[in-house]
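Trainee: Structure in structure tokens, see below.
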Amino acid sequence: MDQTFGQTLKAIRREKGVSQRELADKVGIDFSYISKVENDRMAPPAADTIQKICEVLKVSTELLLSKSGKITGEISDAISSSQSAIKFMNEVTNMRLTDHEWDRLITNLKKLR
Numbered sequence: 124m125d126q127t128f129g130q131t132l133k134a135i136r137r138e139k140g141v142s143q144r145e146l147a148d149k150v151g152i153d154f155s156y157i158s159k160v161e162n163d164r165m166a167p168p169a170a171d172t173i174q175k176i177c178e179v180l181k182v183s184t185e186l187l188l189s190k191s192g193k194i195t196g197e198i199s200d201a202i203s204s205s206q207s208a209i210k211f212m213n214e215v216t217n218m219r220l221t222d223h224e225w226d227r228l229i230t231n232l233k234k235l236r
């Protein structure tokens with residue numbers, strides 16, 4: 124079974140040897156909030172908070188953002204301000220790409236630059 128956002132956060136935090144209180148202090152949120160999120164009693168935090176958590180824990184933002192189902196405002200702005208970007212996202216959404224196919228697409232996109 125796939126882990127929830129909270130379960131994933133708890134596992135990463137423990138692996139990094141960071142307490143809930145220490146993480147909360149460094150991110151600027153209440154430690155009881157971390158506890159509630161890790162125990163799936165609250166929804167994942169906002170994308171910008173997730174980014175801060177990832178910075179503190181030194182993990183990829185993509186990992187926790189994908190578990191949360193959220194995207195950053197920066198990504199949202201980049202997509203919503205371009206007709207071509209929206210067209211692209213509609214196309215790949217209809218294709219239902221696997222993670223492997225997304226990775227191949229990223230590799231090929233980098234070759235265009």
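Basically the working numbering = 1-based index in the sequence shown + 123.
Virtual Cβ for every residue (Gly too), placed ideally from N, Cα, C.
All values derive from a computational prediction rather than experimental measurement.
1. Helix, strand or coil for SER126, going by three-state DSSP, please let me know.
2. Taking only three categories from DSSP, how would you classify LEU188?
3. Between PRO168 and the rest of its own chain, which residues show a CB-CB distance below 7 Å, the 5 nearest in sequence each way excluded?
4. Do VAL215 and LEU228 have their C-beta atoms within less than 9 Å of each other?
5. Give every residue of the same chain whose Cβ lies closer than 7 Å to the Cβ of ILE135, excluding the five residues on either side of it in the sequence, and list them in chain order.
6. Tell me which residues share the same chain as THR195 and place their Cβ nearer than 6 Å to its Cβ, disregarding the 5 neighbours each side in the sequence.
7. Going by other Cβ atoms of all chains shown within 10 Å of its Cβ, with 16 needed for buried, is PHE211 buried or exposed?
8. Compare the Cα-Cα distances from ILE152 to each of LEU232, ARG137, GLY129 and THR172 and report the closest residue.
9. Excluding the 5 residues preceding and the 5 following LEU132 in the sequence, name in chain order all residues of the same chain whose CB lies nearer than 6 Å to its CB.
10. I believe LEU146 touches ILE176 by the beta-carbon criterion, under 8 Å. Please report the beta-carbon distance rounded to the nearest angstrom.
11. Can you tell me which of GLU185, SER204 and GLN130 puts its alpha carbon nearest to the alpha carbon of ILE157?
Mentor: On the basis of the data shown:
1. Taking the sequence shown and counting its residues from 1, one reaches residue 126 at position 3. A small fix is needed here, since residue 126 is Gln in this sequence, not Ser. Reduced to three states, the DSSP call for GLN126 is coil.
2. Residue 188 sits at position 65 when you count from the first residue of the sequence shown. DSSP places LEU188 in helix when its eight states are reduced to three.
3. The residue labelled residue 168 in the question sits at position 45 within the sequence shown. Non-local beta-carbon contacts of PRO168 in its own chain, meaning distances under 7 Å to residues more than five positions away in sequence, involve VAL160 in chain order.
4. Your numbering for residue 215 matches position 92 in the sequence shown. Your numbering for residue 228 matches position 105 in the sequence shown. By the CB criterion at 9 Å, VAL215 and LEU228 fall inside the cutoff.
5. Along the sequence shown, read from residue 1 onward, the residue named residue 135 stands at position 12. Within the same chain, ILE135 has close Cβ partners LEU180 and VAL182.
6. Position 72 of the sequence shown, counted from the start, is the residue given in the question as residue 195. Correct list, in chain order: ALA170.
7. Position 88 of the sequence shown, counted from the start, is the residue given in the question as residue 211. Exposed, since its Cβ has fewer than 16 Cβ neighbours within 10 Å.
8. The residue you call residue 152 lines up with position 29 of the sequence shown. Closest by alpha carbon: THR172.
9. To locate residue 132, count along the sequence shown from 1; it is residue 9. Result list for LEU132: GLU161, in chain order.
10. Here the question's residue 146 lines up with position 23 in the sequence shown. Here the question's residue 176 lines up with position 53 in the sequence shown. About 7 Å; that satisfies the 8 Å criterion.
11. The residue you call residue 157 lines up with position 34 of the sequence shown. Closest option to ILE157, Cα to Cα, is GLN130.
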